[in-house]
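To start, the structure under review is shown below, and the notes come after it.
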Amino acid sequence: MSQALLTDLYELTMAAAYHAAGRNEEATFELFVRSLPPERNFLVACGLDGALEYLETLRFDDADLAYLRTVELFDEAFLTRLATLRFTGTVWAIPEGRVAFAGEPLLVVRAPIVEAQLVETFLLNALTFPTLVASKAARVAIACDGRSFVDFSARRDHGPDAALLAARAAFVGGAAATATVEAGARWGIPLSGTMAHSYVMAMGDEEAAFRSFARLFGDTSVLLIDTWDTLEGARRAARVARELQGEGIRVRAVRLDSGDLAVLAPAVRRILDEAGCGSVQLFASGDLDEARIAALLAAGAPIDGFGVGTRLGTGADVSSLSTVYKLVEDARGPTMKLSTGKVTLPGRKQVFRELDRGLLRRDVLALAGEELPGEPLLVEVMAQGRRLAPAESVTVARDRCRDELARLPPPLRELSPATPHPVDLSRGLRDLTARLRSMPR
74 MSQALLTDLY ELTMAAAYHA AGRNEEATFE LFVRSLPPER NFLVACGLDG
124 ALEYLETLRF DDADLAYLRT VELFDEAFLT RLATLRFTGT VWAIPEGRVA
174 FAGEPLLVVR APIVEAQLVE TFLLNALTFP TLVASKAARV AIACDGRSFV
224 DFSARRDHGP DAALLAARAA FVGGAAATAT VEAGARWGIP LSGTMAHSYV
274 MAMGDEEAAF RSFARLFGDT SVLLIDTWDT LEGARRAARV ARELQGEGIR
324 VRAVRLDSGD LAVLAPAVRR ILDEAGCGSV QLFASGDLDE ARIAALLAAG
374 APIDGFGVGT RLGTGADVSS LSTVYKLVED ARGPTMKLST GKVTLPGRKQ
424 VFRELDRGLL RRDVLALAGE ELPGEPLLVE VMAQGRRLAP AESVTVARDR
474 CRDELARLPP PLRELSPATP HPVDLSRGLR DLTARLRSMP R
């Protein structure tokens, strides 16, 4: 289906006004997050693949144009222009999985202004939510301290599309797997699942339910033990695990989904160990997030892995990012916005990252033509409306994020309180900003 109409009306009215004025000169827009939420030390860039797919396939089909005629705002000359419109611009971006900070462009678009204007809404949508979830997932990964976690969020996410995007973004941010099967089919993300309480209840006999499930799914089986009595469920799971060992079947784990996990996990671990089931792992779920996981592990809870759902996929503690898409350069040269509280920095930019003994030291936001120490983060990913390389595997983005998190200095790895990271401005950018501020308008 065409996604051309997935835009705000004012993108179309502005484009129509540019067209009517004969204006279609090249312009540069930058997409960035104005400021980090107080609960975040950093962001993880995500959503680029979906943004580039949209740009490559952008077109208004006959049904789109027929609908726009019913709006009675646009003349036929403009609609005829839309019928042939394709994105022909150049795009630079911070690759998925890289850490980013406030003010740093996640995406830069240079294109004829009608094209660059029309794509604003979709690009903001395509990057904001995945970056939100990937950033949350990275914090969960830090809290897990080497243990794995699985995305369980689909049933509580804000719609089917959000569930898929959340599964992908969570994997980029560090999840080992997802429970969402379509995400596995679409992107090759590993799948992981257990059983529901309804299965145990429907079977009627908890031990028989465990036995039949483990015989069917063998070494991948995870038994949910808290349907009625958690400790008795652990004993029954231990009996089944010990019995099936003789059949060459190894129960992988038991799952705790309710109650005081800090108290129950050690008790369940003892039951399993005393029954000779030391290889059976403990998996925990139930409204978990990075703060609760960190608290459980700090208390010594012997939990081997986690299922993280609602608070991951819905961005429970941070529901949105202040992402914006702003004009920074047009045919007249660099430009800036001076609105109170919403000032923008002029000119197309580059971000240079400096490390100190392998750890992130600082970022410098500079003009695109400047040459500064450090690694440039923005990479050209599209020219003349076409990708410059095939779409990356989501595993590549995940590995990149893992490496990025390892380079964060300890203050930035803290879950609370947030520690602002210095993003400096280059001399060239400071001078240009001062000059444009002083110009009469």
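Note that my numbering has the sequence shown beginning at 74, numbered continuously upward.
Glycine included, C-beta positions come from ideal geometry on N, C-alpha and C.
Subject >> Whole-angstrom distance between Asp299 and Ser331, CA atom to CA atom >> reply: Residue numbering aside, residue 331 sits at position 258 when the sequence shown is read from its first letter. Residue numbering aside, residue 299 sits at position 226 when the sequence shown is read from its first letter. If you take the alpha carbons of Ser331 and Asp299, they lie about 7 Å apart.
ask   = Under the three-state reduction of DSSP, which class applies to Arg473: helix, strand or coil?
value = Counting from 1 along the sequence shown, the entry for residue 473 is found at position 400. Under the three-state reduction of DSSP output, Arg473 falls in the helix class.
Review point. Where Leu481 and Thr492 are concerned, what is the direct C-alpha to C-alpha distance, given to the nearest angstrom?
Key: Position 408 of the sequence shown, counted from the first residue, corresponds to residue 481. Position 419 of the sequence shown, counted from the first residue, corresponds to residue 492. Each residue's Cα considered, the two are about 12 Å apart.
Report task. Please name the residue, chosen from Pro263, Glu280 and Ile322, that lies closest to Arg288 on a Cα-to-Cα basis. Result -> The sequence position of residue 288 within the sequence shown is 215, counting from 1. Looking at the Cα atoms, Ile322 is the closest of the given residues.
- Tell me, please, which residues DSSP counts as bridged to Ser515. In this structure the chain extends from 74 to 514, so residue 515 is not present and cannot be described.
- request: Count the other C-beta atoms from every protein chain shown that fall within 10 angstroms of the C-beta of Trp165, then say buried if there are 16 or more, exposed otherwise.
  value: Working through the sequence shown from its first residue, we reach residue 165 at position 92. Looking at its Cβ environment, which holds 16 or more other Cβ atoms inside 10 Å, Trp165 is buried.
| task | Kindly identify the DSSP beta-bridge partner or partners of Ala166. | result | Here residue 166 corresponds to residue number 93 of the sequence shown, with the count starting at 1. In DSSP, Ala166 forms a bridge with Leu180 and Val452.
task: Look at the Cβ atom of Val454, then the Cβ atom of Leu461, and state whether they are nearer than 8 Å.
output: For this step, residue 454 is matched to residue 381 along the sequence shown. For this step, residue 461 is matched to residue 388 along the sequence shown. Result yes, Cβ atoms of Val454 and Leu461 sit closer than 8 Å.
Could you check whether Asp377 and Arg212 sit closer than 8 Å to each other, using their CB atoms as the reference points? What you label residue 212 is simply residue 139 of the sequence shown in a count that begins at 1. What you label residue 377 is simply residue 304 of the sequence shown in a count that begins at 1. Between Arg212 and Asp377, the gap from beta carbon to beta carbon reaches 8 Å or more.
By the 10 Å Cβ neighbour count, where 16 or more other Cβ atoms means buried, how is Ser511 classified, buried or exposed?
In the sequence shown, the residue the question calls residue 511 occupies position 438. With fewer than 16 other Cβ atoms within 10 Å, it is exposed.
How far does the alpha helix (DSSP H) with Asp135 in it reach, from first residue to last? Numbered from its first residue, the sequence shown carries residue 135 at position 62. Here the alpha helix (DSSP H) through Asp135 covers Asp135 to Val144.
Subject >> Proximity to Ala139 [Cα-Cα], best of Val336, Ala77, Leu128 and Ala199 >> reply: Here residue 139 is taken as the residue at index 66 of the sequence shown, counted from 1. Checking every option, the nearest Cα to that of Ala139 belongs to Ala77.
* Asked: Excluding the five sequence neighbours on either side, which residues of its own chain have a C-beta within less than 6 Å of the C-beta of Cys119, listed in chain order?
  -> As a position in the sequence shown, residue 119 is number 46, starting the count at 1. For Cys119, where only same-chain residues beyond five positions count, the Cβ hits under 6 Å are Glu169, Pro203, Thr204, Ala207, Ala242 and Val245.
Proximity below 8 Å, CB of Ala56 to CB of Phe102: With the chain running from 74 to 514 in the structure shown, residue 56 is simply not present.
Requested in this report: Along the alpha helix (DSSP H) that carries Gln190, what are the first and last residues, could you check?
Outcome: As a working note, residue 190 is residue 117 in the sequence shown. DSSP places Gln190 in the uninterrupted alpha helix (DSSP H) bounded by Ile186 to Leu191.
Fill in: Paired residues, beta bridge with Val424 - DSSP
Taking the first residue of the sequence shown as 1, we reach residue 424 at position 351. Residue pairing by DSSP places Val424 opposite Leu438 in a beta bridge.
>> Given this structure, state the Cα-to-Cα distance separating Glu177 from Asn198, to the nearest angstrom.
In response: Sequence index remark: in the sequence shown, residue 177 carries index 104 (1-based). Sequence index remark: in the sequence shown, residue 198 carries index 125 (1-based). Approximately 17 Å, taken between the alpha carbons.
* Are Gly447 and Glu477 close, meaning C-beta to C-beta below 8 Å? -> Position 374 of the sequence shown, counted from the first residue, corresponds to residue 447. Position 404 of the sequence shown, counted from the first residue, corresponds to residue 477. Not a contact, by the Cβ cut-off of 8 Å.
Whole-number beta carbon distance between Phe133 and Ala150, since they are thought to touch under 8 Å
On the sequence shown, position 77 is the one that residue 150 refers to. On the sequence shown, position 60 is the one that residue 133 refers to. The pair is not a contact, with the Cβ atoms about 14 Å apart (cut-off 8 Å).
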